[in-house]
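S.K.: Residue numbers (numbering that gives the first Met the number 0): 0 to 118. From the three backbone atoms N, C-alpha and C, an ideal C-beta is built for every residue, glycine too.
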Amino acid sequence: MTLWILKSKLCSLNSEVSTLRNTRMLTFKATAQLFILGCTWSLGILQVGPAAHVISYLFTIINSLQGVFIFLVHCLLSQQVREQYRKWLKRIKKTKAKSEKFTLSSRTMSDGCKHSEET
């Protein structure tokens with residue numbers, strides 16, 4: 000019910016969300032976020048009895064990974080964010096290749112100077 004209301008509100012705000020693909024992705028993201036945020040608190044409620052120590056550790060571990068899960072769901076599943084990461088990585092590779100080329104040419108020149116000084 001909550002997901003249906005969320006979908007209808009967001010569809011009215013943005014016409015692009017009305018496509019079937021975007022609606023499915025939005026529903027998946029909302030469900031994943033509900034699971035991620037609700038899972039830890041269900042473990043928190045179960046911290047009673049002999050297994051409380053183990054459940055406490057699980058609660059802490061999953062709670063500390065919530066940021067990673069949210070990053071995966073909202074950033075890496077977004078087409079626009081993935082495209083920007085690709086562009087960014089291509090730029091890094093280009094600058095790294097240029098710096099390696101410069102380093103190799105500098106070494107070659109310095110090796111040549113050392114060799115001429117020895118003779």
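Is the separation between the beta-carbon of residue 39 and that of residue 65 shorter than 8 Å?
M.R.: yes
S.K.: Taking the straight line between their C-alpha atoms, what separation do you get for residue 36 and residue 93?
M.R.: 40 Å
S.K.: Just to confirm, does residue 53 get its C-beta within under 7 Å of one of the non-hydrogen atoms of the ligand FAD?
M.R.: Here there are no bound small molecules, and the ligand FAD is not part of this structure.
S.K.: Pop quiz: residue 58 and residue 48 are said to be a contact at Cβ under 8 Å. What is the actual Cβ separation, rounded to whole angstroms?
M.R.: No, residue 58 and residue 48 are not in contact; Cβ-Cβ is about 14 Å, not under 8 Å.
S.K.: Pull up the CB-CB distance for residue 75 and residue 81, whole angstroms please, since I reckon it's below 8 Å.
M.R.: Between residue 75 and residue 81, the beta carbon gap of about 7 Å places them in contact (Cβ cut-off 8 Å).
S.K.: Our contact map puts residue 67 next to residue 28 with C-beta atoms below 8 Å; I'd like the distance itself, whole angstroms only.
M.R.: With a Cβ gap of about 15 Å, residue 67 and residue 28 do not count as contacting.
S.K.: So, under 8 Å CB-CB, residue 32 and residue 69 are touching, yes? Tell me the CB distance rounded to an integer number of Å.
M.R.: 7 Å
S.K.: If you reduce the DSSP assignment to three classes, tell me which class residue 119 lands in.
M.R.: No answer is possible for residue 119: the residues shown for the chain start at 0 and end at 118.
S.K.: Check residue 55 in the structure and name its three-state DSSP category.
M.R.: helix
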